[in-house]
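Student: Here it is, the structure in full.
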Amino acid sequence: MNKIITKKQLSAEVFEMEIEAPEIAEVRKAGQFIILQLGGEFDERIPLTIADADSVRGTITIIFQAVGESTHHIALLEEGDHIANLLGPLGNPTDVRHYGHVVCTGGGIGSAPLFPIVEAMKAAGNTVTVILGARTKELVIMEEKMRAVADEVIVVTDDGSYGEKALVTAPLKRICETAKVDCVVAIGPPVMMKFASLTTKPFGIYTLVSLNTIMIDGTGMCGGCRVTVDGHTRFVCVDGPEFDGHLVDWDNLLLRMGTYKTQEEEAHHRCHIGLDIKEGEA
Amino acid sequence: MHPKKEQLDDAAKLLLAELEQKELTAKDRNQIPLQEMPSQDPRERIFNMDEVALGYTEAQVRIEALRCLQCKTKPCIKGCPVEIDIPAFILEAGKGDYARAASIIKESSLLPSVCGRVCPQEVQCQLYCTVGKAKKDVEQSVSIGRIERFVADYTREHGLDEVPQVGADTGKSVAVIGSGPASLSAAADLRREGHRVVMFEALHKVGGVLVYGIPEFRLPKEIVNYEVDILLKMGVEIRKNYLIGKTRTIDELFKKDGFDAIFIGSGAGLPKFLNIEGENSVGVFSANEYLTRSNLMRAYDTNNALTPIYHSKRVAVFGGGNVAMDAARTAKRLGAEVVSVIYRRTEAEMPARREEIAHAKEEGIEFVFLHAPMRIVPDEKGRVEAVEVIRCELGPEGEDGRRRSIMVEGTEHLRPYDTVIVAIGNDPNPLIKATTKGIETTRKGTIIVDPSTGATSLKGVYAGGDIVLGAATVILAMGQGRTAAKAMNEYLAAL
Chain A
704 MNKIITKKQL SAEVFEMEIE APEIAEVRKA GQFIILQLGG EFDERIPLTI ADADSVRGTI
764 TIIFQAVGES THHIALLEEG DHIANLLGPL GNPTDVRHYG HVVCTGGGIG SAPLFPIVEA
824 MKAAGNTVTV ILGARTKELV IMEEKMRAVA DEVIVVTDDG SYGEKALVTA PLKRICETAK
884 VDCVVAIGPP VMMKFASLTT KPFGIYTLVS LNTIMIDGTG MCGGCRVTVD GHTRFVCVDG
944 PEFDGHLVDW DNLLLRMGTY KTQEEEAHHR CHIGLDIKEG EA
Chain B
594 MHPKKEQLDD AAKLLLAELE QKELTAKDRN QIPLQEMPSQ DPRERIFNMD EVALGYTEAQ
654 VRIEALRCLQ CKTKPCIKGC PVEIDIPAFI LEAGKGDYAR AASIIKESSL LPSVCGRVCP
714 QEVQCQLYCT VGKAKKDVEQ SVSIGRIERF VADYTREHGL DEVPQVGADT GKSVAVIGSG
774 PASLSAAADL RREGHRVVMF EALHKVGGVL VYGIPEFRLP KEIVNYEVDI LLKMGVEIRK
834 NYLIGKTRTI DELFKKDGFD AIFIGSGAGL PKFLNIEGEN SVGVFSANEY LTRSNLMRAY
894 DTNNALTPIY HSKRVAVFGG GNVAMDAART AKRLGAEVVS VIYRRTEAEM PARREEIAHA
954 KEEGIEFVFL HAPMRIVPDE KGRVEAVEVI RCELGPEGED GRRRSIMVEG TEHLRPYDTV
1014 IVAIGNDPNP LIKATTKGIE TTRKGTIIVD PSTGATSLKG VYAGGDIVLG AATVILAMGQ
1074 GRTAAKAMNE YLAAL
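Keeping their order, the protein sequence lines are chains A and B.
This note's numbering numbers the first residue of the first sequence as 704 and each following residue consecutively.
This note's numbering numbers the first residue of the second sequence as 594 and each following residue consecutively.
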């Protein structure tokens, strides 16, 4: 049982929770994830990237968007409640080393798992530029934390309500054109990672992406998370979650992410009950 | 007409009354008809997940036990991987002393209610049965597995099982990795000796393949939970959500946590694919994924489960083993109209149990023998639309003793499907190998052990089950768990 120590609502649909998990906090590294399951017979296993950890307090932090029925159930939990099942750390850590200049690009909720990577890249002696993108001002997360660590932080919003009115690919392209960039890390919705990879490809800049595919066990057993990378099948859970964005078959990935789309849409209608979220608001 | 359990029982009661009138000679015993296993009507069971085989009635089990000739040479025992004293327990079952029968089995096997259901008896104990030999038909052998199941169910349902005695605390502690059949039996034997035993399971439920792999209709999860409860009552500690190789390494279990010995029973948990074109299309699943969704996550209960499972009309299952049968029959129960098992050889070469094949046929599963999948064809949305197959012929015997299948060029054609389930086996999970320095493995990735002790190349580290065997059976895994536990108990005593 893992106790929820703190809970914050970062935006209409985005929540941050600090959860007691001393053994995971002790060994986790940037880029790794956990799987949680609420303990009911019918609850789903949900993979979530670790946004932060404190080995002294023995806690990990997760940031998630209440988009499906299961994440809504987690969002209903309060401080002091327990999460029955928490497995981790899973996947391989980010390949952190001294690259030189690293541009870390976060889209929406992807800015959360990006934070420990920014910290680690900085600690490895890199100059780190951060690009944070969101649909609207309200959904920009992690800005303060990023500003405290990174050399530069650029914020963009789709509607221009905060920062530059642009997609993350605009400043990314500009930086690639005007500065020497040695590595790009892009985490966000698959479409955003696809276009970030397409943006950096002409410049030949090594681009790491972190994939959050459909997954059940997270230990290599189910193969539901498989992706095509450089023509080979890879499992996100054990071979990833990070891959060279230039080698990922994005179209196949996007199709596979939609495997249960119709079934999930049906479920989504039920799941807003009990939460103060209106359909389509976030 | 599918016979009802009551009908089989009525017939059995009449026959039993008759048999009890006289002293039975070997000839009389030979003439007693094999008792048919009562089962759910196929027309009904394809709409539910309940167990298919319903178990013998008391009259049936008594009659079936009377078919045993009590051979002096006990040939059946040599077919049993854990050498259960089969004639002895059958004799007790024949007398109606089921508790005594169960305790004889439990001297050798921890999980009779599981093994009675899932063991391939027709290639083990029942293959050597004199009755079957005399009738030149293994299916006419004494139904040892069904009797085993009856006595185990009887003692469970009547509260006659006793929690095994645990020895005085030895001060030693053992980590058991995984909670499948190998680990369950190793844990029980180690705990009995008085060691502290901590079992580490990565998933949120305990039982390994018994809970995520084998469907409810073949092995009710209630039975697995019951067996796990007995381990808990013995004082075995279970840590779920704990992945050795990630949360902790083998080395850390020794150095940080102070364990004195470790048993690895982490199983064969990495699904194989064919590596054919289109295999990453939407609607292609490993059998592991499909079955885990249904069994572990209860996705078949679509009204309650939060884990989705694919809605299919036409399902192709690749493979011919028990897992392929489980996947095909699960797909049928989830509402698929057509389920085809595509297998490159003929029925005779199928590794699946005869009983499972028969059940699948009764349920309307189609078998496409002598065909091999060549590629999976997706539609414009990337979803499976068809499978291209090629016709095969049987050639000479290969290294594994089975006749090889040879593709007949020019016979490629498309068969329409919307779902593909790949059930062609598993490779060992690479995690422990990758994170444990000095542990010797085969080229395939299975851990190398001394077969007489289960000892690995690392001091104090033992292994058993599918991580050693590749992909085998519940009973073989259990046997290895026991072998290792025995050697570990000796190793720990000498520390």
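For each residue, glycine too, the CB sits at the ideal point set by N, CA and C.
Secondary structure at Ile843/B, three-state DSSP: helix, strand or coil?
Tutor: The count along the second sequence starts at 1 and reaches residue 843/B at position 250. In this structure, Ile843/B counts as helix in the three-state DSSP scheme.
Student: Is the CB of Thr872/A under 8 Å away from at least one CB in chain B?
Tutor: Counting from one through the first sequence, the residue named residue 872/A turns up at place 169. Answer no: the Cβ-Cβ gap between Thr872/A and chain B never drops below 8 Å.
Student: Step through the CB atoms of chain A and report whether any lies within less than 8 Å of the CB of Asn915/B.
Tutor: For the purposes of this step, residue 915/B is identified with residue 322 of the second sequence, where counting begins at 1. No, because no Cβ of chain A sits closer than 8 Å to the Cβ of Asn915/B.
Student: Whole angstroms is fine: what's the gap from Ala827/A's alpha carbon to Glu855/A's?
Tutor: Here residue 827/A corresponds to residue number 124 of the first sequence, with the count starting at 1. Here residue 855/A corresponds to residue number 152 of the first sequence, with the count starting at 1. C-alpha separation (whole angstroms): 16 Å.
Student: Beta carbon of Glu981/B, beta carbon of Val970/B: below 8 Å?
Tutor: Along the second sequence, one-based indexing puts residue 981/B at 388. Along the second sequence, one-based indexing puts residue 970/B at 377. Going by C-beta atoms, Glu981/B is nearer than 8 Å to Val970/B.
Student: Give the single residue among Gly1063/B, Arg926/B, Lys688/B whose Cα lies nearest to the Cα of Asn1019/B.
Tutor: Along the second sequence, read from residue 1 onward, the residue named residue 1019/B stands at position 426. The shortest Cα separation from Asn1019/B among Gly1063/B, Arg926/B, Lys688/B belongs to Gly1063/B.
Student: Closest by CA to Ile749/A, which one among Phe767/A, Lys732/A, Thr762/A?
Tutor: Residue numbering aside, residue 749/A sits at position 46 when the first sequence is read from its first letter. When only C-alpha atoms are compared, the closest one is Phe767/A.
Student: Just the C-alpha distance for Ile639/B and Gly787/B, rounded to the nearest angstrom, thanks.
Tutor: In the second sequence, residue 639/B corresponds to position 46, counting from 1. In the second sequence, residue 787/B corresponds to position 194, counting from 1. Going from the Cα of Ile639/B to the Cα of Gly787/B covers about 46 Å.
Student: Does the CB of Ser913/A have a neighbour CB from chain B at under 8 Å?
Tutor: For this step, residue 913/A is matched to residue 210 along the first sequence. Cβ-Cβ to chain B under 8 Å: no for Ser913/A.
Student: Can you tell me whether DSSP reads Asn955/A as helix, strand or coil?
Tutor: Taking the first residue of the first sequence as position 1, residue 955/A is located at position 252. Note: Asn955/A maps to helix in three-state DSSP.
Student: Jot down the residue ranges of each uninterrupted beta strand (DSSP E) in the stretch 894–942 of chain B, minimum 3 residues, whole runs only, in chain order.
Tutor: Fully enclosed beta strand (DSSP E) runs of 3 or longer: 907–911, 931–935.
Student: Which word fits His1006/B, buried or exposed, when buried means at least 16 other C-beta atoms lie within 10 angstroms of its C-beta?
Tutor: Stepping through the second sequence from its first residue, residue 1006/B is reached at position 413. So His1006/B ends up on the exposed side.
Student: For Ser864/A and Gly876/B, I'd like the C-alpha separation in whole angstroms.
Tutor: Along the first sequence, one-based indexing puts residue 864/A at 161. Along the second sequence, one-based indexing puts residue 876/B at 283. Ser864/A and Gly876/B: Cα-Cα distance of roughly 41 Å.
Student: Could you tell me which residues DSSP puts in a beta bridge with Met964/B?
Tutor: Translated into the one-based positions of the second sequence, residue 964/B becomes position 371. Checking the sequence shown, residue 964/B turns out to be His, not Met. Its beta-bridge partners are Arg984/B.
Student: Between the Cα of Asp853/B and the Cα atoms of Thr895/B, Val791/B, Glu685/B, which residue gives the shortest distance?
Tutor: What you label residue 853/B is simply residue 260 of the second sequence in a count that begins at 1. The candidate whose alpha carbon is nearest that of Asp853/B is Val791/B.
Student: Let me see if you follow: with CB-CB separation under 8 Å, is Pro792/A close to chain B or not?
Tutor: To locate residue 792/A, count along the first sequence from 1; it is residue 89. Yes, Pro792/A lies at the interface with chain B (some Cβ there is under 8 Å from its Cβ).
Student: Using a C-beta cutoff of 8 Å, does Ile727/A count as contacting chain B?
Tutor: In the first sequence, counting from the first residue as 1, residue 727/A sits at position 24. With 8 Å as the cut-off, Ile727/A counts as an interface residue toward chain B.
Student: Are Gly975/B and Leu739/A close, meaning C-beta to C-beta below 8 Å?
Tutor: To locate residue 975/B, count along the second sequence from 1; it is residue 382. To locate residue 739/A, count along the first sequence from 1; it is residue 36. Not a contact, by the Cβ cut-off of 8 Å.
Student: Helix or strand or just coil, what does DSSP make of Leu1051/B?
Tutor: Residue 1051/B sits at position 458 when you count from the first residue of the second sequence. If DSSP states are grouped into helix, strand and coil, Leu1051/B belongs with coil.
Student: Could you give the distance in angstroms between the alpha-carbon of Glu846/A and the alpha-carbon of Leu835/A?
Tutor: As a first step, residue 846/A is located in the first sequence; it is residue number 143 there, counting from the start. As a first step, residue 835/A is located in the first sequence; it is residue number 132 there, counting from the start. If I take the Cα positions, the gap works out to 8 Å.
Student: Tell me where the alpha helix (DSSP H) around Gln712/A begins and ends.
Tutor: For the purposes of this step, residue 712/A is taken as the residue at position 9 of the first sequence. No alpha helix (DSSP H) holds Gln712/A; the beta strand (DSSP E) holding it covers 705–712.
Student: Are Ile1008/A and Ile786/A closer than 8 Å when you measure CB to CB?
Tutor: Because chain A is modelled from 704 through 985, residue 1008/A falls outside the range shown and cannot be assessed.
Student: So what does Ile837/B bridge to, in DSSP terms?
Tutor: If you number the second sequence from 1, residue 837/B lands on position 244. Paired residues: Arg841/B.
Student: So with CB distances below 9 Å, who are the chain A contacts of Phe866/B?
Tutor: In the second sequence, counting from the first residue as 1, residue 866/B sits at position 273. Going along chain A in sequence order, the residues near Phe866/B (Cβ under 9 Å) are Gly926, Arg929, Thr936.
Student: Between the stretch 1037–1053 of chain B and the stretch 1069–1077 of chain B, do three or more beta carbon pairs fall short of 8 Å?
Tutor: Judged by Cβ distances under 8 Å, the stretch 1037–1053 of chain B makes contact with the stretch 1069–1077 of chain B, as three or more pairs qualify.
Student: Hey, how far is the Cα of Gly1162/B from the Cα of Glu872/B?
Tutor: In the structure as shown, chain B begins at 594 and stops at 1088. Residue 1162/B is therefore absent and cannot be evaluated.
Student: Comparing alpha-carbon positions, which option in Phe906/A, Arg937/A, Gly771/A, Val894/A lies nearest Asp954/A?
Tutor: The residue labelled residue 954/A in the question sits at position 251 within the first sequence. Nearest of Phe906/A, Arg937/A, Gly771/A, Val894/A to Asp954/A, Cα basis: Val894/A.
Student: Between Val887/A and the rest of its own chain, which residues show a CB-CB distance below 6 Å, the 5 nearest in sequence each way excluded?
Tutor: As a working note, residue 887/A is residue 184 in the first sequence. If we look at Val887/A and ignore the five residues flanking it on each side, its Cβ neighbours are Val806, Thr903, Ile908, Thr910.
Student: If we ignore side chains and look at the alpha-carbon of each, how far apart do Gly1053/B and Gly761/A end up?
Tutor: By 1-based counting over the second sequence, the position of residue 1053/B is 460. By 1-based counting over the first sequence, the position of residue 761/A is 58. The straight-line gap from Cα to Cα measures roughly 31 Å.
Student: Could you give the first and the last residue of the continuous alpha helix (DSSP H) run that contains Phe856/B?
Tutor: Taking the first residue of the second sequence as 1, we reach residue 856/B at position 263. Element bounds for Phe856/B: not the alpha helix (DSSP H) but the beta strand (DSSP E), 854–857.
Student: Report yes or no: is there a C-beta of chain A within less than 8 Å of the C-beta of Ala890/B?
Tutor: Translated into the one-based positions of the second sequence, residue 890/B becomes position 297. The question names Ala, but residue 890/B in the sequence shown is Met. Yes, Met890/B counts as interfacial toward chain A.
Student: What's the C-alpha gap between Cys708/B and Ser900/A?
Tutor: Taking the first residue of the second sequence as position 1, residue 708/B is located at position 115. Taking the first residue of the first sequence as position 1, residue 900/A is located at position 197. Going from the Cα of Cys708/B to the Cα of Ser900/A covers about 52 Å.
Student: Measuring straight from C-alpha to C-alpha, what distance separates Lys848/A and Thr916/A?
Tutor: Position 145 of the first sequence, counted from the start, is the residue given in the question as residue 848/A. Position 213 of the first sequence, counted from the start, is the residue given in the question as residue 916/A. Approximately 27 Å, taken between the alpha carbons.
Student: At a CB-CB cut-off below 8 Å, which residues of chain B make contact with Leu789/A?
Tutor: Sequence index remark: in the first sequence, residue 789/A carries index 86 (1-based). In chain order: Asn834.
Student: Leaving out the 5 sequence neighbours to the left and right, which residues in its chain are closer than 8 Å to Glu781/A when beta-carbon positions are compared?
Tutor: Here residue 781/A refers to the residue found at position 78 of the first sequence. Around Glu781/A: Ile707, Lys710.
Student: To the nearest angstrom, how far is the alpha carbon of Ile722/A from that of Glu870/B?
Tutor: Numbered from its first residue, the first sequence carries residue 722/A at position 19. Numbered from its first residue, the second sequence carries residue 870/B at position 277. Roughly 43 Å between the two C-alpha positions.
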